[in-house]
Amino acid sequence: MVRAGAVGAHLPASGLDIFGDLKKMNKRQLYYQVLNFAMIVSSALMIWKGLIVLTGSESPIVVVLRDNGDIKFLTKGDNNEVDDRGLYKEGQNWLEKKDVVGRARGFLPYVGMVTIIMNDYPKFKYALLAVMGAYVLLKRES
2 MVRAGAVGAH
12 LPASGLDIFG
22 DLKKMNKRQL
32 YYQVLNFAMI
42 VSSALMIWKG
52 LIVLTGSESP
62 IVVVLRDNGD
72 IKFLTKGDNN
82 EVDDRGLYKE
92 GQNWLEKKDV
102 VGRARGFLPY
112 VGMVTIIMND
122 YPKFKYALLA
132 VMGAYVLLKR
142 ES
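Note that our numbering has the sequence shown beginning at 2, numbered continuously upward.
Dropping the structure here:
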């Protein structure tokens, strides 16, 4: 039970005291939160693997930047350090729509910007993952 006025009273002036909150939890609550976090991570992995099976592709979701309607692609293998331009025709820097075998099954504009931002700013990615992990671990069930 939460007393009126007690919400947020345990927060220090410097911000969240994550380790203090973890120490206040009993072992059962802590195990439950860790298990909850593991279930979220495993669910995300199962969804990703399901998409791989459904699409028959190792990369079921890709980000394509469409600037002016003229669609061009730059490919890179999963285990390659550099892009695949060495495999293109002489003088060709980009693949065009006619060079790609396959089809798009969906289009979600601007959703891929999250992926681009996380790849361009890795510290942001790790900070976001830390905040989400802390939230899941510290969130208490009502």
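Heads up, the beta-carbon is just placed ideally off N, CA and C, and yes, glycines get one too.
Fair warning: this is a prediction, and the values are worked out from it, not measured in the lab.
Using a C-beta cut-off of 8 Å, the stretch 98-110 makes no contact with the stretch 118-134, since fewer than three inter-stretch Cβ pairs fall below that distance.
Counted as a single uninterrupted DSSP element, the alpha helix (DSSP H) harbouring VAL132 occupies residues 123-139. Of all C-beta pairs linking the stretch 129-140 to the stretch 26-46, three or more are shorter than 8 Å, placing the two stretches in contact. In this structure ASP84 touches LYS77 by the C-beta definition: roughly 5 Å separates them, less than 8 Å.
The bridge partners DSSP lists for LEU96 are PHE74.
In the three-state scheme derived from DSSP, where H, G and I count as helix and E and B as strand, SER58 is classed as coil.
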